[in-house]
Every structure is written in structure tokens, then in C-alpha cells.
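*Asks:* Protein chains in written order, with this note's numbering: chain A, 11 to 193; chain B, 11 to 193. Backbone N, C-alpha and C define an ideal beta-carbon position, used for all residues, glycine too. Given the structure is predicted, the values throughout are model-derived calculations rather than measurements.
Protein chains: 2
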Amino acid sequence: MRKEIRIAGSGGQGIISASIILAEASGIYDGKNVLQSQVYGAAARGEMSKADVIISDEEINFPEVRIPDVLIALTQDAYDEFTKFLKRDSIVILDEFYVYHLDDKLKNFPFSITKTSVDITGRQISANIVALGILSGLTGIVTLEALKRAVVERFKNRSEPNIKALEKGYELGTKEAINGKTF
Amino acid sequence: MRKEIRIAGSGGQGIISASIILAEASGIYDGKNVLQSQVYGAAARGEMSKADVIISDEEINFPEVRIPDVLIALTQDAYDEFTKFLKRDSIVILDEFYVYHLDDKLKNFPFSITKTSVDITGRQISANIVALGILSGLTGIVTLEALKRAVVERFKNRSEPNIKALEKGYELGTKEAINGKTF
């Protein structure tokens with residue numbers, strides 16, 4: 011198993027935090043080999059933020075995300091930019107509130123990511139955590155248990171709303187699970 | 011200009027935080043192109059923690075740190091492991107309290123990194139920030155001003171002791187500055 015996940019959105023959406031939580035969950039708690047990376051500066055194209063995670067059972071020999079298996083797009087700009095680089099089987103998890111012009115040729119999985127964050131925590135800021143829960147429920151690439159442990163490790167005594175956001179995301183993802191989560 | 015910096019130490023030393031602060035300082039405030047990455051899992055070799063930052067004036071085309079120009083080693087284990095992969099001109103910034111067996115063939119720059127953190131902030135936890143200040147003062151790869159802005163952005167109302175740690179590190183680095191900081 012080797013999967014490449016790209017998380018993309020705008021500056022304040024916790025893109026890099028989400029990718030580090032995913033990397034720690036997979037690398038420390040699921041026992042995978044993981045490479046996490048992000049670009050800053052001109053290459054990051056203005057206000058856009060993206061981060062990449064490669065998760066593998068094997069040692070990772072070519073650690074650059076070239077063609078993601080999963081794109082998580084939290085804004086229309088991120089969707090427009092990064093759906094340019096997908097393979098035929100790649101899936102796109104997207105926030106249906108912020109991403110409204112979809113390319114029908116893609117395997118789009120729209121979810122109410124930000125709205126769920128507001129419903130659960132009262133704030134938009136946990137949308138990134140909802141998205142990780144969806145990733146787990148939908149694809150099984152990372153386990154819910156490992157994500158929970160990584161969230162607790164990161165947020166300490168501020169974990170509770172984030173755990174709820176994660177669980178709700180997982181529930182949403184499971185309803186659409188791909189091949190019984192063997193993506 | 012293209013420089014590759016590897017920061018390495020043990021689990022609790024804030025290695026990844028330091029590399030992200032360095033990446034944000036260079037990429038957002040110094041206007042460079044930056045790629046920051048880290049590995050988790052078996053490839054991270056047990057308790058050891060390392061993170062890589064590539065800083066470039068040009069677009070970064072091959073974003074894997076292969077041979078660092080600068081290694082920051084906060085433990086003997088990290089020194090022993092990662093000095094294997096250096097070029098002739100690479101420099102090693104090291105914590106003289108934790109790294110005591112030095113390879114004389116290398117360009118070693120010993121500093122009292124952790125002790126300075128304790129002297130300035132009362133805790134070891136800002137050793138990573140002291141190390142970033144040293145990097146700036148010694149090499150000029152990143153500006154002190156950009157590091158300060160990245161530290162304030164990250165620590166918000168807990169910035170003050172970290173700014174002091176950064177400034178003291180910068181002062182220590184400047185005393186040993188390489189070619190008037192044009193490394």
C-alpha cells in the first residue's frame with residue numbers, strides 16, 4: 011500500500027496542521043512509513059496553502075507527491091489548481107460550501123465539511139479535523155483510532171471538540187465508504 | 011542561493027516546530043521558495059527526530075534534502091547518524107552539552123544551545139529557537155527579522171521568552187559568523 015494525499019485550501023484553514031496530524035497518526039500510531047511536506051513562498055501561489063502526505067507500508071524512496079491518490083480541497087481555488095494533477099482513479103474530497111463548480115469527469119466526494127465543524131464546535135476552525143475524519147471513514151487509509159491519538163497528542167486539554175469533529179467526519183465518510191474502505 | 015538545512019535531535023526537542031518556523035520565516039517573510047519535510051515511522055529510526063528545509067531563490071525542482079549544507083544536531087545520536095551525509099563544505103551546528111564526541115574532519119560549530127535556553131527562559135524547551143537564532147547569526151541564511159515574525163505568529167502571547175531565546179542565539183551565532191554571514 012502506498013497512498014499520496016494532498017490537502018489544499020486557503021491560509022487560515024489549518025492545512026499544514028491537518029497534514030501533520032495525518033502524518034503522525036499514520037507514522038506513529040498506524041505504524042506506516044510517512045513523509046509529510048509543504049511548500050512556502052512564491053511556489054505556494056499567494057493565499058493558497060497545500061501540504062502533502064505519503065503513507066506507505068514500504069520504505070519511501072521517492073518522497074515527492076507527484077500525483078495524489080486523494081485530494082482534499084477546501085476552497086474553489088484549491089480545487090481548480092490541484093485537480094489538474096490527478097490520475098484516473100484519484101478521488102477528490104471537497105467542501106460543498108466552498109467548492110461549487112465541479113469537474114464532472116472527476117471522482118468528486120462532496121461533504122459539508124466547514125458546516126459540520128460549525129455545527130459540532132461552534133467554529134470553522136475544526137473543518138480540517140472533520141476532513142481527516144472523512145478521509146478515514148471514506149477510504150480507510152488511516153484509522154480513526156490513530157487519528158484520535160494524534161489529535162489528543164496535539165491539542166491536549168483542548169482535544170474534546172476536535173475529537174467530536176473527527177468522529178462526525180468519520181461518520182459522514184463511512185456513509186460513502188469506497189469498497190468497504192479498501193481504497 | 012539554494013541551501014539545505016537538516017535539524018535533528020530527539021523526540022521532545024521541538025525539531026519539527028523549529029523547521030516549520032524556519033520555513034515560514036524564509037518563505038513568508040524573507041520571500042524565498044521553501045520546501046519543508048519530515049519523515050515519520052520506521053524510517054525515522056526510533057526516538058530520533060529530523061526535519062529538512064530547503065531554502066532557495068529559485069523554484070525548487072528536486073525537493074528532497076540529499077546533502078545538507080547545514081546540519082543542526084541537538085543530540086549525539088543525531089550527530090552520529092546525520093554527519094554521515096554531508097559534503098566537504100557542510101557545517102554542523104551542535105549543542106556542546108549533548109554532543110561531546112566530535113569528528114574532527116567536520117566543520118563543527120559547538121554552542122551552548124540548551125543551556126542558553128535554560129538561562130534565558132528557565133526551560134529547555136526553547137533550545138530549538140536558540141538554534142534558529144544561531145543559524146541566522148552564523149550563516150545569514152535566514153534573517154533575524156523574519157524569524158521574529160514567524161515566532162510571534164506561532165507563539166502569539168507566549169512569544170516573549172522565545173524572542174529573547176532567538177535574540178540570544180543570534181548574538182552567539184554572530185560572534186562566529188562565517189564570512190560576514192555570507193555562507
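(1) Cβ-heavy atom distance between Thr-126(A) and the ligand SAH below 8 Å?
(2) Can you list the residues of chain B that Ala-33(A) reaches, using a CB-CB cut of under 7 Å?
(3) Exposed or buried, what is Phe-121(A) when buried is set at 16 or more other beta-carbons lying within 10 Å of its beta-carbon?
(4) Following the continuous beta strand (DSSP E) through Asn-118(B), name the residue where it begins and the one where it ends.
(5) What do you reckon, are the CB atoms on Ala-33(A) and Val-44(A) nearer than 9 Å?
(6) Check whether the region 78-87 of chain B and the region 59-66 of chain A are in contact - that is, three or more C-beta pairs closer than 8 Å.
(7) Any idea which residues DSSP pairs Gly-51(A) with across the strands?
(8) Could you compute how far the alpha carbon of Asp-90(B) sits from the alpha carbon of Arg-159(A)?
(9) Taking a Cβ distance cut-off of 9 Å, strictly less, list which residues of the region 82-107 of chain A are near chain B, in chain order.
(10) In chain B, which residues lie with their C-beta within 7 Å of the C-beta of Ile-25(A)?
(11) If you compare alpha carbons, which of Gly-21(B), Lys-185(B), Leu-176(B) and Ala-187(B) is closest to Ala-35(B)?
(12) Compare the Cα-Cα distances from Phe-107(B) to each of Leu-154(B), Ser-146(B), Pro-171(B) and Gln-134(B) and report the closest residue.
(13) Look up Leu-104(A) in the DSSP assignment and say whether it is helix, strand or coil.
(14) In angstroms, rounded to a whole number, what distance separates the CA positions of Val-109(A) and Lys-13(B)?
(15) From Lys-185(A), Thr-126(A) and Gly-179(A), pick the residue whose C-alpha is nearest to that of Leu-154(A); which is it?
(16) Considering only residues of the region 136-190 of chain A, which uninterrupted alpha helix (DSSP H) runs meet the minimum length of 4 residues and lie entirely inside it, listed in chain order?
(17) Flag Ile-30(B) as yes if its beta-carbon sits less than 9 Å from any beta-carbon of chain A, otherwise no.
(18) So, using beta-carbon positions, are Gly-190(A) and Ser-146(A) closer together than 9 Å?
(19) Within the 9 Å Cβ cut-off, does Ile-151(B) reach chain A?
(20) Would you kindly work out how many angstroms separate the C-alpha atoms of Ile-31(B) and Gln-48(B), rounded to a whole number?
(21) If you check the beta carbons only, do Val-140(B) and Thr-124(B) fall under 9 Å apart?
(22) With distances taken Cα to Cα, identify the nearest neighbour of Gly-19(B) among Asp-99(B), Thr-85(B), Leu-112(B) and Met-11(B).
(23) Enumerate, from N- to C-terminal direction, the unbroken alpha helix (DSSP H) stretches of 4 or more residues contained entirely within the region 21-50 of chain A.
*Replies:* The short version:
(1) In the structure shown, the ligand SAH is absent, as is every other ligand, since no ligand is present at all.
(2) Numbered from its first residue, the first sequence carries residue 33(A) at position 23. In chain order: Tyr-50.
(3) As a first step, residue 121(A) must be located in the first sequence, where it is residue number 111. Buried, because 16 or more other Cβ atoms sit within 10 Å of the Cβ of Phe-121(A).
(4) The sequence position of residue 118(B) within the second sequence is 108, counting from 1. Unbroken beta strand (DSSP E) run through Asn-118(B): 117-121.
(5) Taking the first sequence and counting its residues from 1, the one referred to as residue 33(A) is at position 23. Taking the first sequence and counting its residues from 1, the one referred to as residue 44(A) is at position 34. Cβ distance < 9 Å, so Ala-33(A) and Val-44(A) count as in contact.
(6) no
(7) Stepping through the first sequence from its first residue, residue 51(A) is reached at position 41. Answer is none; Gly-51(A) lacks a bridge partner.
(8) Working through the second sequence from its first residue, we reach residue 90(B) at position 80. Working through the first sequence from its first residue, we reach residue 159(A) at position 149. Distance between the alpha carbons of Asp-90(B) and Arg-159(A) is about 31 Å.
(9) none
(10) The count along the first sequence starts at 1 and reaches residue 25(A) at position 15. Within chain B, no residue comes near Ile-25(A); the closest Cβ sits about 12 Å away, beyond 7 Å.
(11) Within the second sequence, the letter at position 25 stands for residue 35(B). When only C-alpha atoms are compared, the closest one is Leu-176(B).
(12) What you label residue 107(B) is simply residue 97 of the second sequence in a count that begins at 1. Comparing Cα positions, the closest option is Gln-134(B).
(13) Taking the first residue of the first sequence as 1, we reach residue 104(A) at position 94. Looking at Leu-104(A) - three-state DSSP - the assignment turns out to be strand.
(14) Sequence index remark: in the first sequence, residue 109(A) carries index 99 (1-based). Sequence index remark: in the second sequence, residue 13(B) carries index 3 (1-based). Cα-Cα distance, rounded: 37 Å.
(15) In the first sequence, counting from the first residue as 1, residue 154(A) sits at position 144. The candidate whose alpha carbon is nearest that of Leu-154(A) is Gly-179(A).
(16) 137-149, 154-165 and 169-185
(17) Along the second sequence, one-based indexing puts residue 30(B) at 20. Chain A contact via Cβ: present.
(18) In the first sequence, counting from the first residue as 1, residue 190(A) sits at position 180. In the first sequence, counting from the first residue as 1, residue 146(A) sits at position 136. No, the pair does not count as a contact, with Cβ atoms beyond the cut-off.
(19) In the second sequence, the residue the question calls residue 151(B) occupies position 141. In terms of beta-carbon proximity, Ile-151(B) stays away from the interface with chain A, with every pair separated by 9 Å or more.
(20) Position 21 of the second sequence, counted from the start, is the residue given in the question as residue 31(B). Position 38 of the second sequence, counted from the start, is the residue given in the question as residue 48(B). In a straight line, the C-alpha of Ile-31(B) is about 14 Å away from that of Gln-48(B).
(21) Taking the first residue of the second sequence as position 1, residue 140(B) is located at position 130. Taking the first residue of the second sequence as position 1, residue 124(B) is located at position 114. Closer than 9 Å, so yes.
(22) Along the second sequence, read from residue 1 onward, the residue named residue 19(B) stands at position 9. When each option's Cα is compared against that of Gly-19(B), the closest is Thr-85(B).
(23) Those alpha helix (DSSP H) runs which fall completely within the region 21-50 of chain A and span 4+ residues are 25-34.
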